[in-house]
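In our numbering, the protein residues as written are 1154 to 1414.
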């Protein structure tokens, strides 16, 4: 009797274990997926704008098959999916990884463009609202990084299909960054930090010499020097204004001195 019970128990255990293995295989339909299978499934989700689902599949593809053309393409597409999902930090990390690992890839120009675009969108809002910020503490890092990525793109790939748009965005960024410097200079000027104001305005002239904001930078320098009693620097700056902006009626007028007390 004991032998019969033992035999039945052993049989039941064997069936149970076999059943676990059988049902386990059925519960994991991706167990035998190839890199192409993962990529095609991710691409379907990507094309349907199901960003979260596509991200998961791209990540699984790269984890299981980290090498090869499917993994390389996944690295670019998952970055775009991150971007559309609002995960800008993950998008930039993915793009920087791709650029580092594949410096000669046929789609490198697109990777640079997308990196610049992600940074551009990241800082677009704050830059347009810059006047309402605490300007002394603001640092438009994303805008600067966006400009550098666009610059690298148009320098390395002047014939790229993305270069015309990159150049247009660079023009916008130059003016936005210059205006940021001017606003910071004004912030310091209004608070009596005249030396900091003059230095910031001068930085704007050096960094962005072709920006329309250069006229404002010079005017701020005149006011800051005047309030510090640096009359020689003030008058020299006025001469620069008169020479470069001869049609400006303000160029030949002395800036009114504001009492420092």
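Glycine included, C-beta positions come from ideal geometry on N, C-alpha and C.
Since the model is a prediction, treat every value here as computed from it, not as a measurement.
Taking the CA atoms as reference points, residue 1362 sits about 21 Å from residue 1341. Listed in chain order, the non-local C-beta contacts of residue 1236 below 6 Å within the same chain comprise 1244, 1271, local neighbours out to five positions each way being set aside. Here DSSP, grouped into helix, strand and coil, assigns residue 1360 to helix. With the rule of 3 Cβ pairs closer than 8 Å, the stretch 1332-1346 does not count as touching the stretch 1297-1309. For residue 1293 and residue 1240, the gap between their C-alpha atoms comes out near 19 Å. Taking 8 Å as the cut-off, the beta carbon of residue 1343 is found no closer than this to the beta carbon of residue 1354. In the DSSP assignment, residue 1366 falls outside any alpha helix (DSSP H), carrying neither H nor E. For residue 1400, no alpha helix (DSSP H) encloses it, and the DSSP letter there is neither H nor E. Cβ contact annotation for residue 1205 (same chain, cutoff 7 Å, sequence separation greater than five): 1238, in chain order. In this chain, residue 1312 is not harboured by any alpha helix (DSSP H), its DSSP state being neither H nor E.
Under the three-state reduction of DSSP, residue 1336 is assigned to helix. Distance between residue 1190 and residue 1359, taken at the CA atoms: about 54 Å. Here residue 1259 carries a coil assignment [DSSP, helix/strand/coil]. Here residue 1217 is exposed, its C-beta having fewer than 16 other C-beta atoms within 10 Å.
Under the DSSP assignment, residue 1237 falls in the alpha helix (DSSP H) whose first and last residues are 1222-1238. Here residue 1385 is exposed. Its C-beta has fewer than 16 other C-beta atoms within 10 Å.
Here residue 1231 really is in contact with residue 1211; their C-beta atoms are around 4 Å apart, less than 8 Å.
With respect to the C-alpha of residue 1203, the residue from 1233, 1376, 1328, 1395 having the closest C-alpha is 1233.
According to the DSSP assignment, residue 1241 belongs to the alpha helix (DSSP H) that extends over 1241-1254. For residue 1323, the CB contacts under 8 Å within the same chain, skipping 5 residues up- and downstream, are 1300, 1303, 1304, 1307 in chain order. Selection 1379, 1374, 1382 evaluated against residue 1394 yields 1374 as nearest (Cα-Cα). Collapsing the DSSP output to three states places residue 1187 in coil. Just so you know, the alpha carbons of residue 1188 and residue 1201 end up roughly 20 Å apart. In this structure residue 1250 is not in contact with residue 1225, their Cβ atoms being roughly 11 Å apart against a cut-off of 8 Å. Residue 1193 and residue 1223 have their C-alpha atoms roughly 9 Å apart.
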